[in-house]
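The opening residue of the sequence shown carries number 729 in the working numbering; numbering runs sequentially from there. For every residue, glycine included, the Cβ atom is placed at its ideal position computed from N, Cα and C. Bear in mind the structure is a predicted one, so any value in this text is a computation, not a measurement. What follows is a short report on a single structure.
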Amino acid sequence: KYVVYFFLITFNFTSTFETRCECATKRRNSANKNKISTGPISLSAVERGLVNETSSFRGILKEHASYHEKVYERNFKNCVLGYVTPWNGKGYEIARIFKGKFTHVSPVWFQLKRLAGKPVLLGKQDVDAEWIKDVTAPPPQGGPTSMMVPRVVIELSAEEQVEMLRNEAQAQAVIKLLAEECRAMGLDGLTLEAWPTWERGGFLQPQHGLRPRAILFVRSLAHRLHGQGDQLILVVPPVEGVGSVTSRQDFHSLSAPQTGNSLGDPVDFFSLMTYDASNPGSPGPSAPLPWVKENLEHLLVTENGEILQAAAPRILLGLNFFGNDFVLPQGGGPIIGHEYLSLLESAKPKVIVWDKQVSEHYFDYVKNGQRRKVFFPTLQSIQARLDLAHEYGVGISIWEIGQGLDYFYDLL
729 KYVVYFFLIT FNFTSTFETR CECATKRRNS ANKNKISTGP ISLSAVERGL
779 VNETSSFRGI LKEHASYHEK VYERNFKNCV LGYVTPWNGK GYEIARIFKG
829 KFTHVSPVWF QLKRLAGKPV LLGKQDVDAE WIKDVTAPPP QGGPTSMMVP
879 RVVIELSAEE QVEMLRNEAQ AQAVIKLLAE ECRAMGLDGL TLEAWPTWER
929 GGFLQPQHGL RPRAILFVRS LAHRLHGQGD QLILVVPPVE GVGSVTSRQD
979 FHSLSAPQTG NSLGDPVDFF SLMTYDASNP GSPGPSAPLP WVKENLEHLL
1029 VTENGEILQA AAPRILLGLN FFGNDFVLPQ GGGPIIGHEY LSLLESAKPK
1079 VIVWDKQVSE HYFDYVKNGQ RRKVFFPTLQ SIQARLDLAH EYGVGISIWE
1129 IGQGLDYFYD LL
């Protein structure tokens, strides 16, 4: 009798203990499965098998913050320009951690304005000399260093910009100012954003006769910077409609060597803004791959179908590291990495769709009764654009490096 009772008690205790152990083990396994991987690790995103068309919100949330420990190892061999904005501190951190990945770093610091009748360079309060020294120092393992080429936006009124292009003395005053400031701050060059404004403002229309003056201004600035060992990168918009002969002529006029100093020097690189193909008024993918390819072909492929190999390395194909959270049929706007992660946590999309036509991922969700569609770069979409850049022999420019996810840099 007592033996039976003892057996039953022992059996019940053992069964309960085993059941609790099994539950605890399942909880631990589930916790480990959902544990976020962070910081440098021994395997890259490629080696972990994360670069594919199949993507899930759980996988992104778990893996996004980890990156390969070989942060100075370059996988994309062409030029890489990374933009950094003062209002996004993460970009400064990314430039430090992955400085071996970037050939050029462009902090968005400067604005050219006119005060009291003279050109002045504003934004110098954002210059961080220690950060520049850190980012441009050689990587611990050796190898190439990053060049510091801050962006300058020409923020003159329409009348002032036209006058600057028409008046040689004013143009030379601006060129002198930019070159001297570049040298005084110990920079490696400048990234000039003016051409998109001139295009949008209609200043380059044939009837104004300013296009040759604009080309000469840019080439003269390049010549002045080259004379002191610095470089010039020119920001250029995507080709509207793709097929404008004028845009192709501009590219060749700005990039081809010319005889005589009076015609200036060719631009070192062109930062091509191949993103923002969609907007809240017309929601859709940020940079459809066929559209990106058309822009490259417009600039680089001759009528005979030949790629201009000599000119290709000067182009830096624009990659967006931001996305969009659109309201359908219209509305919404841009999002950056941490906002995208918050959306994944709250929306928990059942599927993240790979659109083969445009080579981008997206997911749908509903908020407050509104249908929404989210586009954000993924490892697969970035790799598709890096493959295209490699195919045409061009570099890349990233807007901007503080907006993406940490494991993106394993691909560079």
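Give me whichever residues DSSP pairs with K1101 in a beta bridge. F1054 and D1092.
For K841, the nearest candidate out of I903, V863, I1064 and K798 (CA to CA): Sorting I903, V863, I1064 and K798 by C-alpha distance to the C-alpha of K841 places I903 at the top.
If we call anything under 8 Å between Cβ atoms a contact, is L1139 one with Q1098? The criterion of a C-beta distance shorter than 8 Å is not satisfied by L1139 and Q1098.
Nearest-angstrom Cα separation, counted from P1105 out to A1075: For A1075 and P1105, the distance between alpha carbons rounds to 17 Å.
Between D1092 and the rest of its own chain, which residues show a CB-CB distance below 6 Å, the 5 nearest in sequence each way excluded? Closer than 6 Å at Cβ, skipping near neighbours: K1101.
Would you grab the beta carbon distance between G1046 and W1127 for me? Rounded to a whole angstrom, and I think it's under 8 Å. 7 Å between Cβ atoms; contact.
Where do the ends of the beta strand (DSSP E) carrying Y1003 lie? For Y1003, no beta strand (DSSP E) encloses it, and the DSSP letter there is neither H nor E.
Just reading off the alpha helix (DSSP H) that G817 is part of, what are its end residues? G817: member of the alpha helix (DSSP H) spanning G817 to I825, first to last residue.
As a quick exercise: from S772, K790 and L932, pick the residue whose alpha carbon is nearest that of H796. The shortest Cα separation from H796 among S772, K790 and L932 belongs to S772.
Simplified DSSP assignment, three categories, for S1109: Of the three classes helix, strand and coil, the one that applies to S1109 here is helix, per DSSP.
V799 versus H792: straight-line alpha-carbon distance, rounded: Going from the Cα of V799 to the Cα of H792 covers about 15 Å.
In the structure shown, what three-state DSSP assignment does G1132 receive? Coil.
Local Cβ density within 10 Å of Q1131, reported as buried at 16 or more and exposed below that: Under this definition Q1131 is a buried residue.
So is V1079 buried or exposed if we call it buried at 16+ other beta carbons inside 10 Å? Its Cβ having fewer than 16 others within 10 Å, V1079 is exposed.
Just to confirm, is the Cβ distance from P1041 to V946 under 8 Å? V946 is positioned such that its CB atom lies no closer than 8 Å to that of P1041.
Does the distance from the C-beta atom of D958 to that of L915 stay below 8 Å? Taking 8 Å as the Cβ cut-off, D958 and L915 qualify as a contacting pair.
Between which two residues does the beta strand (DSSP E) holding E921 run? From DSSP, the beta strand (DSSP E) with E921 extends over G917 to E921.
Looking only at its own chain, which residues have a Cβ that is under 8 Å from the Cβ of I769, when we skip the five neighbours before and after it? Sequence-distant Cβ neighbours of I769 in its own chain, meaning closer than 8 Å and more than five residues away, are S794, Y795, H796 and E797.
If A907 and L962 are in contact, beta carbons under 8 Å, what's the gap, nearest whole angstrom? Rounded to whole angstroms, the Cβ separation of A907 and L962 is 15 Å, and the two are not in contact under 8 Å.
Can you tell me whether DSSP reads K841 as helix, strand or coil? Secondary structure at K841: strand, using DSSP grouped into helix, strand and coil.
Taking the alpha carbon of Y811 as the reference point, which residue from K790, A1117 and W837 has its own alpha carbon closest? Proximity to Y811 across K790, A1117 and W837 peaks at W837, based on C-alpha coordinates.
Thinking L778 and E1073 are a contact (beta carbons under 8 Å), I'd like their distance in whole angstroms, please. That pair is no contact at about 19 Å.
Expressed to the nearest angstrom, what Euclidean distance is found between the alpha-carbon atoms of I882 and Q839? If you take the alpha carbons of I882 and Q839, they lie about 6 Å apart.
To the nearest whole angstrom, what separates the beta carbons of H951 and D993, a pair I think is in contact under 8 Å? Contact holds; Cβ gap of about 4 Å.
Quick one: what does DSSP say I1043 is sitting in, helix, strand or coil? Under the three-state reduction of DSSP output, I1043 falls in the strand class.
To the nearest angstrom, how far is the alpha carbon of F983 from that of E1025? With the sequence shown as reference, residue 983 is identified as Ser, and Phe is not the correct amino acid for it. Approximately 16 Å between the Cα atoms of the pair.
Taking 8 Å as the limit between beta carbons, can you name the residues of its chain near H1013, skipping five residues before and five after? Residue 1013 is actually Pro in this sequence, not His. Taken in chain order, the residues that qualify are A1005, S1006, D1083, V1086, E1088, Y1090 and F1103.
Please indicate yes or no: does the CB of V848 lie closer than 7 Å to some heavy atom of the ligand NAD? Absence of the ligand NAD from the depicted structure is noted, as is the absence of any ligand whatsoever, leaving it without description.
Leaving aside the five residues before and after V855 along the sequence, list all residues of the same chain whose C-beta is less than 7 Å from its C-beta, in chain order. So the qualifying residues of the chain are W837 and M913.
Cβ neighbour criterion (16 or more within 10 Å) applied to R879: Flag for R879 reads buried.
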